[in-house]
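Just below is one structure, and these are the notes that go with it.
Structural data, given as structure tokens:
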């Protein structure tokens, strides 16, 4: 299915889980993915590479802001996540919150699909904060993509500290799991199994051990900060 057809695909027509290949096709069609071109680097076009939220450097990147330019695609992805959660969650959470900034609206869509309430979560001065006071209620956090789970850890820890009576659901749903693990451990809180629509492994390194820096001389860029940064990354080896 091409971009034009995907942009007008109604959510009610999507009744079955997509395969991993179908998910990556959608991501690619909307230009929301990037991979480092090693062959171009050997020819002297070393370009840029991705700097993840965790600070690690990576040879692949995905951008939900680009993917969600079509609102129906975001809703379809939320529906796909919900399909993975059916039979997994013991009960519907009282609240759902999307981890900012990439999954804010995704969280709203998932809340609607699960018949839960929306919880507002914001990022101020680089730190995540749960704005909604949920009391003793349960809350499920959702992210767009997981690499090492930095955003989820921060969201869980901040909520655990600021609202200790909140019941945080031990589950980590997302569109893609880009890391090597199937769970995220949050110290002093618990273990959060990852339930993603698809897996897409990304090779990443600590800054000092980055192959793309050390062997090719490529420079890292925080590709999610601005649309310009994403364009710079995706065109740097052209």
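In our numbering, the protein residues as written are 28 to 265.
Built from N, CA and C at the ideal position, the CB exists for glycine as well.
Is residue 218 near residue 205, with beta carbons less than 8 Å apart? Cβ atoms of residue 218 and residue 205: not closer than 8 Å.
Terminal residues of the continuous alpha helix (DSSP H) containing residue 256? Boundaries of the alpha helix (DSSP H) around residue 256: 254-262.
Do residue 202 and residue 181 have their CB atoms nearer than 8 Å? No; because the gap between Cβ atoms is not below 8 Å, this pair is not in contact.
Does the Cβ of residue 239 have 16 or more other Cβ atoms within 10 Å, making it buried, or fewer, making it exposed? Under a 10 Å Cβ-count criterion, residue 239 is classified as buried, with 16 or more other Cβ atoms of the shown protein chains found around its own Cβ.
Contacting residues, own chain, Cβ-Cβ under 6 Å from residue 68 (five flanking each side not counted): So the list reads 243, once near-sequence residues are dropped.
Report, in whole angstroms, the separation of the C-beta atoms of residue 147 and residue 138, which I expect to be a contact under 8 Å. The beta-carbon distance between residue 147 and residue 138, rounded to whole angstroms, is 11 Å. This is too long to meet the 8 Å contact definition.
Nearest-angstrom beta carbon gap, residue 133 and residue 104 [assumed within contact, 8 Å]: Taking the Cβ atoms as the reference, residue 104 lies roughly 7 Å from residue 133, within the contact range of under 8 Å.
Just to confirm the assignment: which complete alpha helix (DSSP H) runs, minimum length 4, are found wholly within the region 64-119? As summarised for the region 64-119, the continuous alpha helix (DSSP H) elements at least 4 residues long and confined to that stretch are 65-69, 91-94, 98-112, given in chain order.
Measuring CB to CB, does residue 136 end up less than 8 Å from residue 166? Contact: no.
Option in 47, 36, 89 with minimal Cα separation from residue 254: The residue with the shortest Cα to Cα distance from residue 254 is 89.
Can you give the Cα-Cα distance for residue 200 and residue 220, rounded to whole angstroms? Roughly 8 Å separates the two Cα atoms.
Taking residue 92 as the reference, give the member of 259, 263, 264, 250 with the closest Cα. Nearest Cα to residue 92 within the set 259, 263, 264, 250: 250.
Flag this pair as touching only if the region 75-89 and the region 224-233 have three or more C-beta atom pairs under 8 Å; answer yes or no. Contact holds: three or more Cβ-Cβ distances are below 8 Å.
I'd like to check one pair, residue 100 with residue 45: are the Cβ atoms closer than 8 Å? No Cβ-Cβ contact shorter than 8 Å links residue 45 with residue 100.
In the DSSP assignment, find the beta strand (DSSP E) that holds residue 61 and state where it starts and stops. Note, residue 61: beta strand (DSSP E), 60-62.
Using the DSSP secondary-structure output, state which residues sit across from residue 172 in a beta bridge. Looking at the DSSP assignment, residue 172 forms a beta bridge with 203.
Nearest to residue 247 by CA position, among 77, 35, 213, is which residue? Minimum Cα distance to residue 247 is reached at 77.
Terminal residues of the continuous alpha helix (DSSP H) containing residue 183? Taken as a continuous stretch (DSSP letters only), the alpha helix (DSSP H) holding residue 183 covers 177-189.
Pairwise C-alpha distance: residue 171 and residue 259: Computed Cα separation, rounded: 22 Å.
Quick one: give me the first and last residue of the alpha helix (DSSP H) that residue 250 is part of. Segment: none, residue 250 is in no alpha helix (DSSP H) and carries neither H nor E.
Can the beta-carbon of residue 216 be found less than 8 Å from the beta-carbon of residue 184? For residue 216 and residue 184, yes; Cβs fall inside 8 Å.
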